[in-house]
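Notes follow once the structure below has been shown.
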Amino acid sequence: MLLKSQQRYSKPQTSLFLFGYVVKADIHFVKIDDEIEKPKIVAEVKTEFISLQKSLFATMFKQKLINAFQTIIKNKYFKGIACLFILFVLLDLIFPFRINPNYSTLITDSEGKLLHAFLNKTDKWRMETELNEITPTLEKAIVFKEDRWFRWHFGVNPFAVMRAGVKNVLTGRRTSGASTITMQVVRLLNPQKRTYFNKFIEIFRAIQLEFHYSKDQILQFYINLVPYGSNIEGLKSASILYFQKSPNVLSLAEVTALTIIPNRPSSLRLGVNNPYILQERNRWLQNFKEEKVFNAQDIEDAMNEPLNVIRHEAPHLAPHLSLRLKQENPTKSIIKTALVRHKQLTIENIVQNYVSRLYAMNIHNAAVMVINNKTHQVEAYIGSADFNNPIDGGQVDGIRAIRSPGSTLKPLLYATAFDKGIITPKTAINDVPTNFGGFEPENFDKLFHGKITIEYALANSLNIPAVKILKEISTPVFVDKLKKADFQTVKKNSSKLGLSLVLGGCGVTLEELTNLFSAFSQEGNFQKATYTLNADTKSRIKNEIISKESSYLITQILAQITRPDLPNNYDYTYRMPKIAWKTGTSFGKKDAWSIGYNANYTIGVWVGNFSGEGVPELSGANIATPLLFDIFNTVDYNSSSKWFKAPENIAYRKVCAESGDVPNDFCTHQIVDYYIPSVSKMTKCQHAKYIYVSRDEKISYCSHCLPESGTVQKLYPNYAPELLSWYESKHILYEKVPPHNPKCERVFNTNAPQIVYPVDGSEYFLAKNENQKLMLNCQVGNEVKTVYWYINDKLLQKASPNTEVFFRPEAGKIKISCSDDKGRNADIYVEVKWE
Ligand SMILES: [Zn+2]
Ligand SMILES: [Zn+2]
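10 is the number of the first residue of the sequence shown in the numbering used here; add one for each residue after it.
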């Protein structure tokens, strides 16, 4: 039960039930202090009551209470009141008061300031004033003007009703002088014709409102619903649209102006009748002065304040994120984002200026997302170069658009391989033409680089090494990593993805990529960044996608400044904070990516056309990276934060410079490399092999034909067949093992020819009208002079081992065999289709 008392709480035991009347289901005391005019409510009085109970005095007090209570319930008036109360509760259940204020959606920045406002469903500005925006000045002005007994009545002020009734009878006119703030709220929520019956309903609804809501909430409703003319409702809407500020920072003069307008919203139009409003305002300020509502000096100052307002547009900043969050939270009236206003606005500007410079190249759009790595919140969100440019699809949200990632997934791939222990940064890998079952990737520069390190392959974004590593760790393992990092389109299409995945053969968004790279700054822990403050952290995905060691290795490689994907015009005078970054360019030059991070921020940049049109000049290095650098320069300029520390389980070791493996006795050129103890493989280097040769180095021998004298043991490079084949085709000189002893009688079981192309078990599609042919290519030992090609066991051609043979196959499955002059043979099967 809510009991209202107008007594000081120092004597609650005598006054409690005498002055109070039963209205609500919980206890609600009101304390009035002579000095403090504002009534103080509930809690402290309650605590006092409980603590009293604990004392002996409390026991006496309790007994008195019980006695008083018993007297009351015996009283016949009380019985009447109790019946009325029960009737009211029943009516309240049958006719519940459903309130749907239908507020405008407001989007605020990290400091709670308004960034963007949307009209409500009925195209009105009805912005919700929050409780903390209702200042004592505002409350005092409204309560003094509208309903001085607001804090004390139960929705209806019986004295005012009686007074109005008498007045009506005497004058014969209906006036509305008896309306309390609560009743006005009822009328604003549910406007009805003025009849006595409706008046009765209004009274019932007002009591209902008081029954279910606190006084603060009712005042809040009033403030949010009062009309200001045109389509402006609620004091906050007026405050924002006319004064361009939140209600909590309004001056006394502004507050007074805003409290008088709702009485006559059509004649008191701000911006239209300013002189008249000023006059009315000062009349009310005079009233305030006479009744001593505010400090006299404050009133004096307020009276001298000019009133020169006009109506402004509602703010429409950060349009893409605002629109997105409104759609995602249709019932929220205020959405508090983590966007940092000055960063958002500065970057919006940078992006717009940057893209306008690219216009001549037919590049029309860009999108940028900035994650604060410490808070996991998004501080800037730029969905396009210009939201208000419909020609270039300005309203498209480039942060959520599904695009091809180009090379941007490679860091995750190599990180996974570091964790599998199969590579370290200095591991050698061959960047030579390779056919992966019909898939023949090329590099961006259309060149092959021969034997290189993993580090070089990643820093230079080479394609063949990436596909080789993906093949080794297998596509499903990599797809699983991407799923853990919440890549939605990858999740959806996971069964259809193949090796081309790591070269951009899948769909990603800038949002997904930026979140992924943020995980590299978090020791490999993925945590999706949120857009709003106090976002629900439980439902947030948190996954360790790679180890901290592996993360560190990737970061070190991506932070190297000696790399080819620096912008052409890269100027070392850039006062850049140190960052790690990766670029990407999608197939057909449709998307340019550059995503960078340090301990403070992860910034993702996409540049391209929403139309999907490719542009020859578009590249991650030259088009997206300069923008990334610009933004890092702005957001993190002069940052004091330190670079990432190596985790404990990262160690150095000496490796063979030729292979990146643990040095063998013949590995003279050794370099230092990182490795992850107990994870990285410890393979001994096999970059060379000892061979017995004649003194003139013209003939080589095996253990079967090794003569007793006249030979020497010599070290020869031990290259993979694919690399030898590439050296041959490029006429690159290398030290060859001399031909094998022609008199050797050994049957060569090992070292049979290897068919390099076509690839065993593959399907080949040949174009009929282009009269395409299939190429045959093999690798054999140095001792072999001639090879014999067979198709379905029929001799096709005799050839030298290094010659490529072409033929036109029949459609269907065919067997291809290659025999060498030592009688060793290899068979493969392929399927040929003509289209
Ligand atoms: Zn070696
Ligand atoms: Zn031999």
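In this text, a Cβ means the ideal position worked out from N, Cα and C, and glycines have one as well.
Worksheet item: When a residue counts only if its C-beta is closer than 7 Å to some heavy atom of ligand 1, which residues count, in chain order?
Response: Residues close to ligand 1 by the beta carbon criterion (under 7 Å to any non-hydrogen atom) are, from first to last along the chain, 665, 667, 668, 670, 672, 673, 675, 676, 694, 696 and 697.
Worksheet item: Mind checking whether the beta-carbon of residue 791 lies closer than 8 Å to any heavy atom of ligand 2?
Response: As a working mapping, residue 791 is identified with position 782 in the sequence shown. No - ligand 2 has no heavy atom lying nearer than 8 Å to the Cβ of residue 791.
Worksheet item: Count the other CB atoms within 10 Å of the CB of residue 802; is the residue buried (16 or more) or exposed (fewer)?
Response: On the sequence shown, position 793 is the one that residue 802 refers to. In the assembly as shown, residue 802 is an exposed residue. Its beta-carbon has fewer than 16 other beta-carbons within 10 Å.
Worksheet entry | Whole-Å CB distance - residue 219 paired with residue 191, under 8 Å assumed | Numbered from 1 along the sequence shown, position 210 holds the residue referred to as residue 219. Numbered from 1 along the sequence shown, position 182 holds the residue referred to as residue 191. Yes, they are in contact, since the Cβ atoms of residue 219 and residue 191 sit about 6 Å apart, within 8 Å.
Discussion item. Given this structure, state the Cα-to-Cα distance separating residue 314 from residue 110, to the nearest angstrom.
Written reply: Taking the sequence shown and counting its residues from 1, one reaches residue 314 at position 305. Taking the sequence shown and counting its residues from 1, one reaches residue 110 at position 101. It is roughly 34 Å from the alpha-carbon of residue 314 to the alpha-carbon of residue 110.
Discussion item. Buried or exposed for residue 293, going by 16 or more other Cβ atoms inside 10 Å?
Written reply: By 1-based counting over the sequence shown, the position of residue 293 is 284. Under this definition residue 293 is a buried residue.
Discussion item. Judging by CA-CA distance, which residue of 251, 458 and 562 is the nearest neighbour of residue 278?
Written reply: Here residue 278 corresponds to residue number 269 of the sequence shown, with the count starting at 1. Restricting attention to 251, 458 and 562, the CA atom closest to the CA of residue 278 is found in 251.
Worksheet item: Given residue 551, which residues of its chain have a CB within under 6 Å of its CB, disregarding the five upstream and five downstream residues?
Response: For this step, residue 551 is matched to residue 542 along the sequence shown. A distance below 6 Å between beta-carbons, with the five flanking residues on each side excluded, links residue 551 to the following residues of its chain, in chain order: 536.
Worksheet entry | residue 753 Cβ short of 8 Å to ligand 2 heavy atom set | Along the sequence shown, one-based indexing puts residue 753 at 744. At least one heavy atom of ligand 2 lies less than 8 Å from the C-beta of residue 753.
Practice prompt. Within 10 angstroms of the Cβ of residue 202, are there 16 or more other Cβ atoms? Answer buried if so, exposed if not.
Written response: Taking the first residue of the sequence shown as position 1, residue 202 is located at position 193. Result: exposed.
Worksheet item: Where does residue 303 fall in DSSP's three states?
Response: The residue given as residue 303 occupies position 294 in the sequence shown. DSSP places residue 303 in the coil class of the three-state scheme, outside both helix and strand.
Discussion item. With a threshold of 8 Å (Cβ to nearest heavy atom), would residue 725 be considered close to ligand 2?
Written reply: In the sequence shown, counting from the first residue as 1, residue 725 sits at position 716. For ligand 2, not one heavy atom lies less than 8 Å from the Cβ of residue 725.
Practice prompt. Grab the span of the alpha helix (DSSP H) containing residue 837 for me, first residue to last.
Written response: The residue you call residue 837 lines up with position 828 of the sequence shown. No alpha helix (DSSP H) holds residue 837; the beta strand (DSSP E) holding it covers 834-843.
Item to complete: Grab me the residues of residue 426's own chain with a C-beta within less than 6 Å of its C-beta, minus the 5 sequence neighbours each way, in chain order.
Response: Numbered from 1 along the sequence shown, position 417 holds the residue referred to as residue 426. Apart from sequence neighbours up to five positions away, the residues of its chain that approach residue 426 with a beta-carbon distance below 6 Å are 432, 478 and 482, ordered along the chain.
Discussion item. If distances are taken between C-alpha atoms only, which option among 528, 169 and 570 comes closest to residue 557?
Written reply: The residue labelled residue 557 in the question sits at position 548 within the sequence shown. Out of 528, 169 and 570, 528 has the C-alpha closest to the C-alpha of residue 557.
Worksheet item: At a cut of 8 Å, does the stretch 604-620 reach the stretch 436-448 through at least three beta carbon pairs?
Response: The stretch 604-620, when compared against the stretch 436-448, does not touch it at the 8 Å Cβ threshold.
Worksheet item: Going by alpha carbons, who is nearest to residue 210 out of 101, 508 and 521?
Response: To locate residue 210, count along the sequence shown from 1; it is residue 201. Nearest of 101, 508 and 521 to residue 210, Cα basis: 101.
Worksheet entry | C-alpha distance - residue 837 paired with residue 762, whole-angstrom precision | The count along the sequence shown starts at 1 and reaches residue 837 at position 828. The count along the sequence shown starts at 1 and reaches residue 762 at position 753. A straight line joining the alpha-carbon of residue 837 with that of residue 762 spans about 11 Å.
Worksheet entry | Length-filtered (4 minimum) alpha helix (DSSP H) runs lying within the stretch 741-821 | Correct list: empty.
Worksheet item: Going along the chain, which residues of its own chain have a beta-carbon closer than 8 Å to the beta-carbon of residue 686, five neighbours each way excluded?
Response: Walking along the sequence shown from the start, residue 686 turns up at place 677. 658 and 660.
Practice prompt. Inspect the beta-carbon positions of residue 416 and residue 599 and report whether they are closer than 9 Å.
Written response: By 1-based counting over the sequence shown, the position of residue 416 is 407. By 1-based counting over the sequence shown, the position of residue 599 is 590. No; because the gap between Cβ atoms is not below 9 Å, this pair is not in contact.
Discussion item. Under DSSP, the alpha helix (DSSP H) around residue 406 begins and ends at which residues?
Written reply: Position 397 of the sequence shown holds residue 406. From DSSP, residue 406 is part of no alpha helix (DSSP H); its letter is neither H nor E.
Worksheet item: Cα-Cα, which of 697, 309, 504 and 653 is closest to residue 559?
Response: In the sequence shown, residue 559 corresponds to position 550, counting from 1. 653 is the residue among 697, 309, 504 and 653 whose C-alpha sits nearest the C-alpha of residue 559.
Item to complete: Leaving aside the five residues before and after residue 270 along the sequence, list all residues of the same chain whose C-beta is less than 6 Å from its C-beta, in chain order.
Response: For this step, residue 270 is matched to residue 261 along the sequence shown. Cβ neighbours of residue 270 beyond the five flanking positions: 237 and 277.
Worksheet item: Would you say the beta carbon of residue 699 comes nearer than 8 Å to a heavy atom of ligand 2?
Response: Stepping through the sequence shown from its first residue, residue 699 is reached at position 690. Residue 699 Cβ: outside cutoff for every heavy atom of ligand 2.
Worksheet item: Taking 8 Å as the cut-off, does the CB of residue 749 come closer than this to any heavy atom belonging to ligand 2?
Response: Start at 1 with the first residue of the sequence shown, and residue 749 comes out as number 740. Result yes, Cβ under 8 Å from ligand 2.
Item to complete: Check whether the Cβ of residue 714 sits closer than 8 Å to any heavy atom of ligand 2, and report yes or no.
Response: Taking the first residue of the sequence shown as position 1, residue 714 is located at position 705. The answer is yes for residue 714.
Discussion item. Can you list, in chain order, the residues of its chain with a C-beta nearer than 7 Å to that of residue 130? Leave out the 5 residues immediately preceding and following it.
Written reply: Numbered from 1 along the sequence shown, position 121 holds the residue referred to as residue 130. Apart from the 5 residues on each side of it in sequence, residue 130 sits with its Cβ closer than 7 Å to the Cβ of 111 in its chain, given in chain order.
Worksheet item: Just how far apart, CA to CA, sit residue 35 and residue 231?
Response: The count along the sequence shown starts at 1 and reaches residue 35 at position 26. The count along the sequence shown starts at 1 and reaches residue 231 at position 222. Confidence at residue 35 is low in this model, with a pLDDT of 36, below 50, so its placement is unreliable and the value that follows should be read with caution. Taking the straight line joining both Cα atoms gives about 24 Å.
Item to complete: Identify whether residue 464 lies in helix, strand or coil by the three-state DSSP scheme.
Response: By 1-based counting over the sequence shown, the position of residue 464 is 455. Here residue 464 sits in helix by DSSP.
Worksheet item: Which class does residue 128 belong to by DSSP, given the choice of helix, strand or coil?
Response: As a working note, residue 128 is residue 119 in the sequence shown. Of the three classes helix, strand and coil, the one that applies to residue 128 here is coil, per DSSP.
Practice prompt. May I ask you to verify whether the stretch 254-265 touches the stretch 164-177, counting CB pairs closer than 8 Å and requiring at least 3?
Written response: In the pairwise beta carbon analysis, the stretch 254-265 is classified as not touching the stretch 164-177: fewer than three pairs are separated by under 8 Å.
Item to complete: Take residue 707 and list the residues in its own chain whose beta-carbon comes closer than 7 Å to its own, dropping the five residues that flank it on each side.
Response: Position 698 of the sequence shown holds residue 707. Residues 747 of the same chain have their beta carbon placed closer than 7 Å to that of residue 707, with the five preceding and five following residues left out of the count.
Discussion item. Going by DSSP, what residue range makes up the beta strand (DSSP E) through residue 553?
Written reply: By one-based count along the sequence shown, residue 553 stands at place 544. That run of the beta strand (DSSP E) goes 551-553.
Discussion item. Looking at the secondary structure, which residues open and close the beta strand (DSSP E) in which residue 378 lies?
Written reply: Numbered from 1 along the sequence shown, position 369 holds the residue referred to as residue 378. That run of the beta strand (DSSP E) goes 374-381.
Worksheet item: Roughly how many whole angstroms lie between the Cα atoms of residue 354 and residue 213?
Response: Position 345 of the sequence shown holds residue 354. Position 204 of the sequence shown holds residue 213. Counting only the Cα atoms, residue 213 lies some 50 Å from residue 354.
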